[in-house]
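Worksheet for the structure shown next.
2 protein chains.
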Amino acid sequence: MRCQIFRSLCRPRSNRVSDLGCIFYCPSSQRQRLFSTTPRRNVRTTEMTDEQLAAVKIDRERLWKVLHSTCEWGKGERWGDGPTDIGMSRLTLGDADKQARDWFVETTKSLGCKVQIDAMGNIFAVRTGKNEGPPTYAGSHLDTQPTGGRYDGILGVHAGIEALKTMNDLDIETEYDTGVINWTNEEGARFPISMISSGVWAGAFSLENAYKLVEVGGKATQKSELERIGYLGTLEASHKANPIGAHFELHIEQGPILESSGGKIGAVEGAQAYKWFTITVRGRDCHTGTTEFQNRSDAMLTAAKLILHSHNKARADGCLASTGILKLRPGSTNTVPGWVQFSLDIRSREDATLSKLEEALKKDFERIANGEDVSGVNAQGTKGRGCTVEWQLDTDSPATKFYEDCIKCVEESAKSMLGTNAGGQVRRMTSGAGHDSVYTSRHAPTAMIFVPCREGISHNPAEYCSPEDCGNGAQTLLGAMLRYDRYRAEKGA
Amino acid sequence: MRCQIFRSLCRPRSNRVSDLGCIFYCPSSQRQRLFSTTPRRNVRTTEMTDEQLAAVKIDRERLWKVLHSTCEWGKGERWGDGPTDIGMSRLTLGDADKQARDWFVETTKSLGCKVQIDAMGNIFAVRTGKNEGPPTYAGSHLDTQPTGGRYDGILGVHAGIEALKTMNDLDIETEYDTGVINWTNEEGARFPISMISSGVWAGAFSLENAYKLVEVGGKATQKSELERIGYLGTLEASHKANPIGAHFELHIEQGPILESSGGKIGAVEGAQAYKWFTITVRGRDCHTGTTEFQNRSDAMLTAAKLILHSHNKARADGCLASTGILKLRPGSTNTVPGWVQFSLDIRSREDATLSKLEEALKKDFERIANGEDVSGVNAQGTKGRGCTVEWQLDTDSPATKFYEDCIKCVEESAKSMLGTNAGGQVRRMTSGAGHDSVYTSRHAPTAMIFVPCREGISHNPAEYCSPEDCGNGAQTLLGAMLRYDRYRAEKGA
Ligand SMILES: [Zn+2]
Ligand SMILES: [Zn+2]
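Here the protein sequences line up with chains A and B, keeping their order.
For what it's worth, full-length UniProt numbering labels the leading residue of the first sequence as 1, then goes sequentially.
For what it's worth, full-length UniProt numbering labels the leading residue of the second sequence as 1, then goes sequentially.
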């Protein structure tokens with residue numbers, strides 16, 4: 001068999017590389033070695049030609065198989081007939097999350113990684129590179145929403161592990177350490193601040209406050225659960241104590257833009273701004289049968305008006321507004337609730353637009369609760385005795401801009417993979433959702449890779465990313481990490 | 001001391017009657033006896049003149065004191081500085097309800113009553129009368145809303161006990177048995193069908209279905225809790241096995257009409273019709289940050305529109321509409337809920353008006369959920385992918401008309417008590433709320449007595465009925481029961 005690259009006879013070391021030809025094991029390359037018998041590896045990123053780099057390929061089948069095998073832990077609702085047509089319910093720090101974490105640690109250790117756990121339970125698995133310096137990571141999360149899918153977060157972590165496996169298989173020596181991070185409680189579904197753990201790492205939240213977070217509908221705290229499942233690590237959760245050289249995150253788009261435009265890879269330039277509020281409406285409990293509308297202070301009716309108005313106003317301003325949680329008291333069919341609390345999530349690409357929306361809603365909510373008409377929501381009802389509205393800011397995530405050099409590595413990797421079709425299939429995008437990369441970008445060069453997911457559905461059991469798109473994403477991720485490693489060597493950092 | 005009625009010298013038997021003069025103990029009346037030494041009682045209702053009847057007075061202080069002493073069991077939120085300015089949270093069949101029940105049984109037994117408990121835990125305490133025939137009852141309930149007050153239901157039961165105490169004190173012999181009923185789970189707050197137990201008695205619900213009711217937010221059933229607290233009685237819960245001769249229910253108005261019109265006693269002619277529904281809105285969970293409005297099936301936003309529209313439409317039709325319970329899934333700040341369920345309580349004085357409203361809302365809800373505009377609720381928002389709406393009827397209580405003869409006894413009793421002022425202070429009313437009397441009226445002569453409560457507030461810790469109004473109500477209740485007893489004797493039933 002003749003090597004197509006080095007134009008010589010070759011001898012593939014394993015089945016894995018047979019389709020790649022002989023690029024790393026060709027006798028003529030003078031570098032044929034087995035990792036197990038020598039401390040020096042086969043090939044350095046800085047010595048690879050673009051052609052060689054393009055030939056480094058992940059094992060797409062392995063990625064798919066391993067990803068779904070680990071989705072046994074915390075599996076949720078079945079939504080289709082296929083073997084993987086089952087959602088996920090792997091809330092952070094629960095028993096299923098512990099199983100997934102244990103698997104992560106074992107697997108990365110078996111790949112030769114050094115594994116460390118920090119005080120927030122974030123897991124850092126590092127594969128040794130040639131030079132000193134903070135690692136170039138692939139990072140994402142293994143936790144899910146209560147009714148989530150198999151790709152959000154999970155794909156990014158698995159793609160990172162597949163990247164390390166491929167580096168091992170091909171015996172690639174990186175200039176700097178590379179690694180994979182599993183961030184704790186990205187979703188904020190159980191302990192209700194999302195990305196809290198990369199947030200602590202970035203210094204956006206104190207460890208103390210993060211530890212105190214109480215689970216929704218329960219009593220456990222983030223700290224008590226970390227302790228319970230054995231993931232309260234000793235490494236300081238801090239960008240200073242544990243710096244990151246670069247952070248690449250592969251993620252499903254969670255929106256329909258790539259799919260509807262025929263795009264394959266999104267090179268994510270940044271993330272939209274968002275704020276999360278808890279809105280408390282206070283009225284007065286009263287009997288539903290004996291209290292005329294004009295004598296009511298109906299907190300539920302008021303909340304309904306506020307939710308509708310937040311939608312109408314956000315639409316007018318080109319923003320998003322959503323309510324995902326609503327609680328009321330006392331909670332009886334024949335008692336008008338005197339207390340309602342709901343979450344309000346508002347988003348915009350621009351910080352200034354978001355602030356404008358926030359200010360407008362604050363004024364409007366008060367007027368609506370007082371019975372004044374704003375944009376029609378009080379136009380037809382009976383004016384009651386009014387309610388009060390209180391705002392509490394829970395999360396403030398300004399618009400984020402990722403690192404141009406990282407974004408370029410993503411673009412180059414994607415274009416190399418897609419070849420001649422790459423033109424329209426790689427596009428720059430803005431993330432609608434928050435991600436751990438938003439926090440890592442505060443202290444480390446960061447970029448994200450988006451792949452399409454069917455109909456843009458996410459945070460839903462039926463979330464789906466095809467084997468082809470999962471593979472494309474993981475391949476782009478590995479290529480971006482290797483390219484960034486070369487880039488660091490050139491820059492000398 | 002000269003008797004003002006019999007114009008002779010008298011010798012009061014106890015302090016209790018000293019202010020009444022000597023009407024029952026005057027030597028000249030030839031009927032001075034002690035209950036303990038003779039099976040025959042002192043005075044028969046049929047032999048009492050109107051003047052004598054007017055002189056039979058309850059002990060208002062005792063009523064107030066006893067009522068509040070029993071409110072230690074299940075006390076709720078403090079809302080003022082006074083010793084009784086504390087709400088109630090005595091959910092049916094809980095431990096506090098058991099204490100109140102035990103007190104009820106002991107107290108009525110100590111008054112010489114025969115006490116029976118039926119299969120729904122309803123307690124019937126009966127004081128023996130002269131003739132055979134079903135008892136004339138005062139009935140109401142000792143359970144409360146989770147954030148209820150001290151008067152709703154509780155006043156009616158205590159007034160009944162005070163009526164029996166007064167009959168004992170004055171050694172009154174009734175023609176027919178008299179008694180007090182404590183109905184189980186009137187509120188429907190814990191097991192979510194209100195008046196379920198008088199409903200089973202009336203044949204409106206099967207015992208089997210009532211037993212199966214599961215508590216809101218828990219797993220216990222009505223039957224398991226009846227067993228647990230020892231109130232699963234052996235008497236059949238049925239109007240056939242355990243008939244009622246007449247049912248009088250004293251209750252706070254739970255609305256502001258009496259207070260704002262200077263009324264003292266409401267002679268209640270009937271109750272408005274109402275229906276309770278559980279409305280389920282189904283959409284699709286999706287990520288709040290990545291899903292544009294047009295791609296959403298937002299069940300929470302849809303529910304907000306439906307709740308607002310139910311209010312607007314009910315107002316236009318002169319009805320009431322209220323939502324007291326709302327649940328959603330999955331319940332995470334950054335996930336648009338794909339599932340919302342809420343209660344809808346609609347009410348009207350007329351059955352036909354209520355049916356018309358129901359039909360209109362069924363059509364409108366479907367259109368609104370589909371994104372069509374109905375009365376402006378969809379006028380400004382972005383049309384999404386739509387949701388479905390499902391209706392489940394939980395309770396159907398048609399408009400009720402009480403018994404004219406019972407209502408007249410209430411009016412006469414109230415006018416006799418109020419004397420010269422009675423003119424504008426006694427008024428006929430319709431009940432806005434459902435009460436156990438609605439079910440008793442299906443099989444027994446029934447009427448209700450309303451007394452004012454401050455600002456019409458009820459189902460709220462700050463619910464308040466003054467000592468004067470509590471006393472007026474209990475006095476009217478006793479007078480109505482005695483008058484009805486005479487009326488039964490005249491009619492011979
Ligand atoms: Zn994610
Ligand atoms: Zn009541």
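Positions of the beta carbon are idealized from the N, C-alpha and C atoms, including for glycine.
None of these values were measured; they are calculated from a predicted model.
Kindly indicate which three-state DSSP category residue i falls into: helix, strand or coil?
i, result
"B/ASN378", "coil"
"B/ILE307", "helix"
"B/ILE265", "strand"
"A/TRP183", "coil"
"B/PHE365", "helix"
"B/LYS98", "helix"
"A/CYS409", "helix"
"B/TRP332", "What sits at residue 332 of chain B in the sequence shown is Ser, not Trp. DSSP places B/SER332 in coil when its eight states are reduced to three."
"A/MET429", "strand"
"A/THR388", "strand"
"B/TYR464", "coil"
"A/ASP298", "coil"
"A/GLN341", "strand"
"A/THR128", "coil"
"A/THR70", "helix"
"A/CYS319", "coil"
"A/TYR487", "helix"
"B/SER110", "helix"
Please classify residue i as buried or exposed, where buried requires at least 16 neighbouring CB atoms within 10 angstroms.
i, result
"A/PRO337", "buried"
"B/GLY492", "exposed"
"B/THR136", "buried"
"B/LYS327", "buried"
"A/ASP81", "exposed"
"B/ARG90", "buried"
"A/SER36", "Note that A/SER36 has pLDDT 36, beneath the 50 cutoff, so the model's placement of it is unreliable and the number below is only indicative. Label assigned to A/SER36: exposed."
"B/SER140", "buried"
"A/GLY218", "exposed"
"B/ARG488", "buried"
"A/GLN392", "exposed"
"A/SER206", "exposed"
"B/THR178", "buried"
"A/SER322", "buried"
Spell out the partners DSSP gives residue i in its beta bridges.
i, result
"A/CYS118", "Rather than Cys, the amino acid found at residue 118 of chain A in this sequence is Asp. Per DSSP, A/LEU235."
"B/MET88", "B/LYS75 and B/GLY148"
"A/CYS286", "A/VAL336"
"A/LEU326", "A/PHE342"
"A/ASP81", "None, per the DSSP bridge assignment."
Would you mind working out which of the options sits nearest residue i, comparing C-alpha positions?
i, options, result
"A/ALA360", "A/ALA379, A/SER310 and A/ARG60", "A/SER310"
"B/GLN425", "B/SER431, B/LEU477 and B/MET417", "B/MET417"
"A/GLU358", "A/CYS387, A/ASN295 and A/LYS275", "A/LYS275"
"B/VAL180", "B/GLU162, B/PRO83, B/LEU393 and B/SER466", "B/GLU162"
"B/GLY230", "B/ARG190, B/ALA447 and B/GLY94", "B/GLY94"
"A/GLY263", "A/ARG427, A/MET481 and A/MET195", "A/ARG427"
"B/GLN116", "B/VAL374, B/ASN242 and B/ASP171", "B/ASN242"
"A/ASP50", "A/SER413, A/GLY432, A/ASP436 and A/ALA447", "A/SER413"
"B/CYS387", "B/SER297, B/THR420 and B/ALA119", "B/SER297"
"B/ILE154", "B/CYS113, B/LEU111, B/ASP177 and B/ARG101", "B/ARG101"
"A/ASN295", "B/GLU455, B/ASP85 and B/VAL105", "B/GLU455"
"B/PHE277", "B/ALA379, B/LYS362 and B/THR382", "B/LYS362"
"B/TRP73", "B/ILE86, B/GLU61 and B/LYS114", "B/ILE86"
Could you tell me whether the Cβ of residue i comes closer than 7 Å to any Cβ of chain D?
i, result
"B/LYS305", "Among the chains of the structure shown, chain D does not appear; the protein chains present are A and B."
Inset, instruction - Determine, using beta-carbon pairs with one atom in the segment 57-76 of chain A and one in the segment 468-483 of chain A, whether at least three such pairs fall under 8 Å. - result: Taking a cut-off of 8 Å for Cβ pairs, the segment 57-76 of chain A and the segment 468-483 of chain A touch, as three or more such pairs fall below it.
Legend entry - Lining residues of ligand 4 - beta-carbon closer than 5 Å to any non-hydrogen atom, in sequence order: This structure simply doesn't include ligand 4; it includes ligand 1 and ligand 2 instead.
Inset, instruction - Flag this pair as touching only if the segment 266-286 of chain A and the segment 337-351 of chain A have three or more C-beta atom pairs under 8 Å; answer yes or no. - result: Taking a contact to require three or more Cβ pairs closer than 8 Å, the segment 266-286 of chain A and the segment 337-351 of chain A qualify as touching.
Legend entry - the segment 394-408 of chain A / the segment 440-448 of chain A touching (three or more Cβ pairs under 8 Å): Counting Cβ pairs under 8 Å, three or more are found: they touch.
Inset, instruction - Answer yes if the segment 294-311 of chain A comes into contact with the segment 293-308 of chain B, meaning at least three C-beta pairs across the two stretches below 8 Å, and no otherwise. - result: Yes, the segment 293-308 of chain B is in contact with the segment 294-311 of chain A.
Legend entry - Segment contact flag, the segment 254-273 of chain A with the segment 430-439 of chain A, C-beta cutoff 8 Å, min 3 pairs: The segment 254-273 of chain A is in contact with the segment 430-439 of chain A.
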